[in-house]
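Heads up: the sequence shown begins at 635 in our numbering, then just goes up one per residue.
Idealized CB from N, CA, C, for every residue including glycine.
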Amino acid sequence: MTENFDILAINPGSTTTKIAVFHNMEELFSETITHDPTELKEMGGIFGQMPFRENLIREVLSQRNYDVKNLSAVVGRGGMIVGLHGGGYKVTPKLCEAMRDPKNPPHASSMGAELAYKIAEPLKIPSFIYDSTMGCELSNVAKISGLDGLERYGCCHVLNSRAQAINYAKSIDRKYKDLNLIVAHMGGGITVSAHQNGSVIDDCSYDDGPMSPERTGGIPLVLWTKLCFSGKYTEAEAEKLISGQGGMMSYLGVTDCREVESMIEKGDKKAALVYEAMAYQIAKCIAEMSVALKGMVDAVILTGGAAHSKLLADMIKEYAGHIGSFVVMPGEDELGALAAGAMRILKGEEEGRIY
Numbered sequence: 635m636t637e638n639f640d641i642l643a644i645n646p647g648s649t650t651t652k653i654a655v656f657h658n659m660e661e662l663f664s665e666t667i668t669h670d671p672t673e674l675k676e677m678g679g680i681f682g683q684m685p686f687r688e689n690l691i692r693e694v695l696s697q698r699n700y701d702v703k704n705l706s707a708v709v710g711r712g713g714m715i716v717g718l719h720g721g722g723y724k725v726t727p728k729l730c731e732a733m734r735d736p737k738n739p740p741h742a743s744s745m746g747a748e749l750a751y752k753i754a755e756p757l758k759i760p761s762f763i764y765d766s767t768m769g770c771e772l773s774n775v776a777k778i779s780g781l782d783g784l785e786r787y788g789c790c791h792v793l794n795s796r797a798q799a800i801n802y803a804k805s806i807d808r809k810y811k812d813l814n815l816i817v818a819h820m821g822g823g824i825t826v827s828a829h830q831n832g833s834v835i836d837d838c839s840y841d842d843g844p845m846s847p848e849r850t851g852g853i854p855l856v857l858w859t860k861l862c863f864s865g866k867y868t869e870a871e872a873e874k875l876i877s878g879q880g881g882m883m884s885y886l887g888v889t890d891c892r893e894v895e896s897m898i899e900k901g902d903k904k905a906a907l908v909y910e911a912m913a914y915q916i917a918k919c920i921a922e923m924s925v926a927l928k929g930m931v932d933a934v935i936l937t938g939g940a941a942h943s944k945l946l947a948d949m950i951k952e953y954a955g956h957i958g959s960f961v962v963m964p965g966e967d968e969l970g971a972l973a974a975g976a977m978r979i980l981k982g983e984e985e986g987r988i989y
């Protein structure tokens with residue numbers, strides 16, 4: 635007898651809350667709830683938004699005439715807790731408390747655990763988070779930063795990167811855990827990760843990897859130190875330069891790759907140089923991750939929204955084609971990836987860890 639599972643997936647973002655309900659991985663419906671940034675700001679920090687977002691989720695479910703009693707589980711986006719493993723965690727009060735710890739980076743995804751728990755707990759069904767951005771398992775040698783007392787931790791687009799890696803493995807009738815893969819997730823932020831035995835063992839993150847449409851990537855420390863102590867920027871303004879005002883936005887004033895390609899077609903040499911520089915830096919990080927895998931690379935996967943750009947993908951392959959075979963898997967489906975992870979836990983194919 636086939637078991638039937640209904641799963642609610644929740645993905646809170648800075649100005650949106652995305653939800654979807656799946657029945658045996660067939661999407662019944664999905665919705666993106668857009669929030670007014672000014673209204674959110676009036677609620678204080680991200681956790682002051684919790685009741686507001688929970689009520690909106692319940693309203694959507696009600697408007698869709700969906701009976702929440704049919705749910706088998708609720709899964710939320712994993713938050714920013716250093717030391718999480720890849721895969722899924724059962725949500726507990728302890729995990730929710732850890733997400734609220736002010737020592738962790740404040741990020742909208744950290745609401746995912748508690749939102750899932752608040753909806754699941756009254757129904758007496760399990761709630762999970764899956765593939766947090768911090769869900770890397772760096773090797774001991776990769777954790778060494780170069781300064782005693784500061785340890786590197788993994789932080790990348792784990793959710794979509796692992797989902798696409800799993801999809802690729804299925805497409806060639808192999809097991810994800812048996813492959814050595816490099817995945818470049820290319821969106822507003824770009825991260826590159828090395829996957830071995832089903833784990834992310836090293837990565838190039840948004841603050842030490844390639845520049846992206848709106849992030850600086852790694853900048854030489856001497857130059858960055860001089861900028862920070864120049865007196866021109868507050869700490870908050872400097873952080874905004876790293877994430878939001880860096881990369882293509884800094885050089886060209888746009889973040890959409892299609893706009894950049896249009897500028898290039900019109901003969902804009904600066905746009906062409908910056909776009910190639912971004913491809914060059916992504917390629918360098920792919921090469922860096924090949925070292926983590928000791929050169930044994932089964933495939934390099936290019937994914938995320940910017941992977942739709944054939945020009946960008948072709949330039950990356952031109953620089954790093956010697957690393958291995960390239961597979962382009964554009965776009966992302968984070969809600970589907972969350973639901974698929976929860977489904978594997980419900981079926982006993984994966985373990986739901988306890989924090």
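Opening and closing residue of the alpha helix (DSSP H) in which residue i lies
i	result
N658	No alpha helix (DSSP H) holds N658; DSSP gives it neither H nor E.
S686	Note that residue 686 is Phe in the sequence shown, not Ser. First-last of the alpha helix (DSSP H) with F686: M684 to Q697.
Y999	As displayed, the chain neither begins before 635 nor continues past 989, which places residue 999 out of reach and without an answer.
L772	Where L772 is concerned, there is no enclosing alpha helix (DSSP H), given that its DSSP letter is neither H nor E.
V894	C891 to E899
S884	G881 to L886
Helix, strand or coil at residue i [DSSP, three-state]
i	result
L815	strand
N738	coil
Q915	helix
Y723	strand
V792	helix
Q798	helix
Y953	helix
D841	coil
V931	coil
D640	strand
E869	helix
M635	Bear in mind that the predicted position of M635 carries a pLDDT of just 44, short of 50, making it unreliable; the figure below should be weighed with that in mind. M635 falls in the coil class under three-state DSSP.
P847	coil
K804	helix
E922	helix
I824	strand
I715	coil
E676	coil
K904	helix
K758	coil
K728	helix
V809	Rather than Val, the amino acid found at residue 809 in this sequence is Lys. K809 falls in the coil class under three-state DSSP.
Y700	coil
Distance CB(residue i)-CB(residue j) smaller than 8 Å
i	j	result
F762	A776	no
A933	Y802	yes
A742	G647	yes
A707	I641	yes
G843	I816	no
I748	M733	Sequence inspection shows Glu at residue 748; the Ile mentioned does not correspond to that position. Yes, the Cβ-Cβ distance between E748 and M733 is below 8 Å.
I691	I715	no
I979	A799	no
I950	A913	yes
G975	D765	yes
S744	L969	no
M977	I916	no
A583	L793	No answer is possible for residue 583: it lies beyond the span of the chain, which begins at 635 and ends at 989.
G887	R849	no
C770	G851	no
G712	L718	yes
N645	H657	no
S827	D837	yes
A797	V709	no
Terminal residues of the beta strand (DSSP E) in which residue i lies
i	result
C862	No beta strand (DSSP E) holds C862; the alpha helix (DSSP H) holding it covers L855 to C862.
I979	First-last for I979: E968 to L980, but that is the alpha helix (DSSP H), not the beta strand (DSSP E).
V708	A707 to R711
S761	S761 to Y764
8 Å Cβ cutoff, residue i in contact with chain B
i	result
N801	Of the chains in the structure shown, none is chain B; there is only one protein chain.
Bridge partner(s) assigned by DSSP for residue i
i	result
M963	T937
I671	Per the sequence shown, the amino acid found at residue 671 is Pro instead of Ile. None; P671 has no bridge partner.
R987	Y723
H829	L815 and V834
K652	N645 and T666
S877	R849
E785	I778
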